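Chains as they are written, first to last, in UniProt numbering: chain U, 1 to 400; chain Y, 1 to 400.
2 protein chains.
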Amino acid sequence: MQDFKFHNPTDIRFGRNHIDAELHDAVAQFGNNVLFVYGGQSIKKSGLYDRVKGLLADLNIVELGGVEPNPKLASVQEGQRLAKEHDIDVILAVGGGSVVDASKVIGSAKFYEGDPWDLVIKANGADRNVLPQVPIVDILTLSATGTEMNFGSVITNPETHEKYGTQGPNSPAVSFLDPELTETVPARQTAAGSIDIFSHLTEQYFDRDDANDASKGMIEGLMRAVIKWAPVAIADPTNYDARANLMWTATMALNGLVGAANEGGWTVHALEHELSAYYDITHGIGLGILTPRWMDWVLEDKSTVALFARFARNVWALSGDDDAQLARDAVQKTYDWIASLGAEMTLPEVGIKDDTYFEAMAANAVDHGKLIKRGYVPVTPADAQRIYRDSLVAFRGANN
Amino acid sequence: MQDFKFHNPTDIRFGRNHIDAELHDAVAQFGNNVLFVYGGQSIKKSGLYDRVKGLLADLNIVELGGVEPNPKLASVQEGQRLAKEHDIDVILAVGGGSVVDASKVIGSAKFYEGDPWDLVIKANGADRNVLPQVPIVDILTLSATGTEMNFGSVITNPETHEKYGTQGPNSPAVSFLDPELTETVPARQTAAGSIDIFSHLTEQYFDRDDANDASKGMIEGLMRAVIKWAPVAIADPTNYDARANLMWTATMALNGLVGAANEGGWTVHALEHELSAYYDITHGIGLGILTPRWMDWVLEDKSTVALFARFARNVWALSGDDDAQLARDAVQKTYDWIASLGAEMTLPEVGIKDDTYFEAMAANAVDHGKLIKRGYVPVTPADAQRIYRDSLVAFRGANN
């Protein structure tokens, strides 16, 4: 088990009965000047926009709407401008992971004089961890990224085809997690979010630290929860228990706890970020396409068989004595579960028709993800291209 | 899934390489006047006492040693006196759960004018949650109670045979969790600590909220970790991976996360607190005696069979179609595992020879644990007496 530090003071308010009674004071404790960040029209259609404005009627609200999925640098730049101009005390982020991610970087950018892209790529001496950060209060409307209880953001610069993670000094101060607010999420977004949750768990589960049973055990339990409840939420969108399990699983999957004692060799996210950066596809859908191909490729390294067999037994409830067969069956189960959610399962289905950018994408992913040094199984640019190419065609099946 | 709030800002420093570099600043950030609380001679024998004193040589150290297991009111009273007299800024607790538990209440008692027992039982208008609390920094030397990342303490008043839990406003500010410091813990204490961890998990697992898969799944994984590693730590005390898994499992079992969305019907702890209060036995050993008898009794309520069968499959890796049989087998497995750790398995083995106090103990447990209203299966005083009496004799076997 690896040494680690863990410190995550996010104040979670989970359930149906917190926002009306508690939102005002959760925001106003930090001041009167509020930057209200949101995405598209969905919170206006659902009534959440009006509800929030009503609860905060006595505060000075400045709005930044239109934050897109795979949040773009332009939104952060606009947020920086507003935060400085209005001397913002607190950011209220209402939406999914993109809105919260952008808000965190805006929170740092208020205190930075240059382009906030510097903060993402640590250019020109920029360092978010030595800057103050405007506190974030969020109301989450999509279960997926875990940003509601962590320090990370992922920001895309469309001009340069770059999509990178960045960590700030603070996780959100207060996160309101009301599963009912996710009951209007469409099936495809529910699928994509659930795949994202599952991917966060596989990225931390398939880790080279092999004596980390406390972490692996928690991850297995969270995997079973998302495997069970994602199809329920898709079939029955207003099933509260399904939405609640997905929401809490999403938070637990990436608040730093279940991977705290890991070596930390995430691979598929680095590969996927290139897909989103070049083609602006939905992150979770990209993960769902890549994950089975990555697993299929990883299994060629026989040192991984024991852990995949454990994954088979403890997550997929498979039994048997042949670890190699169990491992392959678990990969097939993973593919089948993702497909069962209605997600697209090849790159051409999401508009990526050929390998035009694969060489560049593979090089970037390996470089920025440090995949040769840190991957659960080291990934070279050639390996990464192989995984991308395998994703152009139908999955050959883990047993073929 | 129940609504909940979760906010736990304890700063965890886990592993071998934190104390020497980080202890000084972790303590000194709160001031120069330090109350150094510890238990018996073990930290002097191990060298930890001298190491700590060396690291904090420039601070004003006031010592409170001799805090006993099942920490007594007298230690808290003495700590209160010292904290006031020396205007203590920060408490450094070095030891097991008892030392940390006592320190938390001392941290409140500095700001209270009356007897600190008032704080425990909320008498004479005392309320820890409206008082300040001196910050706690701890170095844990025993994996068991989880106090290193929660808000609770359990304090015993020997004069009145009372042992009660109390919650303060703050969890420890910084907790140093170095598994190497637990490598000298004797086998019986390792067993007792591991049983305590397991009991925290069963108390939260057997909960009436039945749609709480994220929590139950994490608990199952943590249970498997303690089941696997406790025997290893007993057989091979310096096995780092065993000590590390027990330490992190102990923290995760009771930092508020895995039971956050529960109804919360703890039973066995309320029953055990009476044993410790009347006979001052080791808490974990008492839990190990009571838990199988409680499970055996609970299973008479057929509504519990499905969850016990899940426990059998996901924790004990049992398989089969007969849920009732699986449930009984899981209880037997639980008994066998506790016994395998070398723990005493009947009350007479720990000096409780007859039922002299059972009527009073049962009444207290049901009253203070609210066991009729809140128990996973409601427990009347007569039921509690039955569980105590069953613990006087050898376990009859879950299948008999």
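Heads up, the beta-carbon is just placed ideally off N, CA and C, and yes, glycines get one too.
Bear in mind the structure is a predicted one, so any value in this text is a computation, not a measurement.
Two segments are said to touch when three or more pairs of C-beta atoms, one from each, lie closer than 8 Å; by this definition the region 220-232 of chain Y touches the region 209-219 of chain U. The beta carbon of U/E22 sits closer than 7 Å to those of R13, all from its chain and outside the five residues before and after it, given in chain order. Contacts with chain Y at 8 Å (Cβ-Cβ) do not include U/T145. Fully contained in the region 261-336 of chain Y are the following alpha helix (DSSP H) runs of length 4 or more, in chain order: 268-279, 283-298, 305-314. Cβ neighbours of U/T160 within its own chain (closer than 8 Å, five residues either side excluded): none. Going by beta carbons, U/F6 and U/A330 fall outside the 8 Å limit.
Along the region 164-178 of chain Y, there is no position whose C-beta sits under 7 Å from a C-beta of chain U. Under the DSSP assignment, Y/F4 falls in the beta strand (DSSP E) whose first and last residues are 4-6. Distance from the Cα of U/I338 is smallest, within the candidate group U/G288, U/L318, U/Y357, for U/G288. With fewer than 16 neighbouring CB atoms inside 10 Å of its own CB, U/G47 falls in the exposed class.
Restricting attention to beta strand (DSSP E) runs no shorter than 3 residues, the region 148-192 of chain U encloses them at 152-157, 162-167, 174-177, ordered along the chain.
In the three-state reduction of the DSSP assignment, U/F14 falls in the strand class, which pools E and B. The alpha-carbon of U/G96 is positioned some 37 Å away from that of U/D301. Under DSSP, the beta-bridge partners assigned to U/D138 are U/A93, U/S175. At least one CB atom of chain U sits nearer than 8 Å to the CB of Y/P9.
Beta-bridge annotation (DSSP): Y/L35 is paired with Y/V62, Y/I91.
Proximity to U/A270 across U/V174, U/D241, U/V185, U/H368 peaks at U/H368, based on C-alpha coordinates. Nearest CB-CB separation between Y/G221 and chain U: below the 8 Å threshold. DSSP lists Y/T156 as the beta-bridge partner residues of Y/K72. For the 8 Å CB-CB criterion, U/A363 and U/P378 do not form a contact. Chain order gives the chain Y residues near U/I12 as F4, K5, F6, H7, A260, where near means a beta carbon separation below 9 Å. A straight-line Cα-Cα distance of about 24 Å links U/T182 and U/V350. Taking 8 Å as the cut-off, the Cβ atoms of Y/I91 and Y/V37 count as close.
In the DSSP annotation of this structure, the continuous segment of the alpha helix (DSSP H) that includes Y/P231 starts and ends at 213-235. It is roughly 42 Å from the alpha-carbon of U/G79 to the alpha-carbon of Y/R16. Y/G15 belongs to the set of residues whose beta carbon lies under 8 Å from a beta carbon in chain U. Under the three-state reduction of DSSP, Y/K122 is assigned to coil, being neither helix nor strand. Within the region 114-142 of chain Y, not one residue has a Cβ closer than 8 Å to any Cβ of chain U. For Y/E359, the uninterrupted alpha helix (DSSP H) run begins and ends at 358-368, by DSSP. Here the alpha carbon of Y/A250 sits roughly 8 Å from the alpha carbon of Y/D196.
Between Y/L35 and Y/I88, the beta carbon gap of about 4 Å places them in contact (Cβ cut-off 8 Å). In the DSSP assignment, Y/T251 falls within the unbroken alpha helix (DSSP H) covering 240-253. Just so you know, the alpha carbons of Y/E274 and Y/V185 end up roughly 26 Å apart. Comparing C-alpha distances from U/T166 to each of U/K84, U/I136, U/D101 shows the shortest one belongs to U/D101. Taking the Cβ atoms as the reference, Y/I136 lies roughly 6 Å from Y/K104, within the contact range of under 8 Å. About 5 Å separates the Cβ atoms of Y/L290 and Y/V268, confirming a contact at the 8 Å cut-off.
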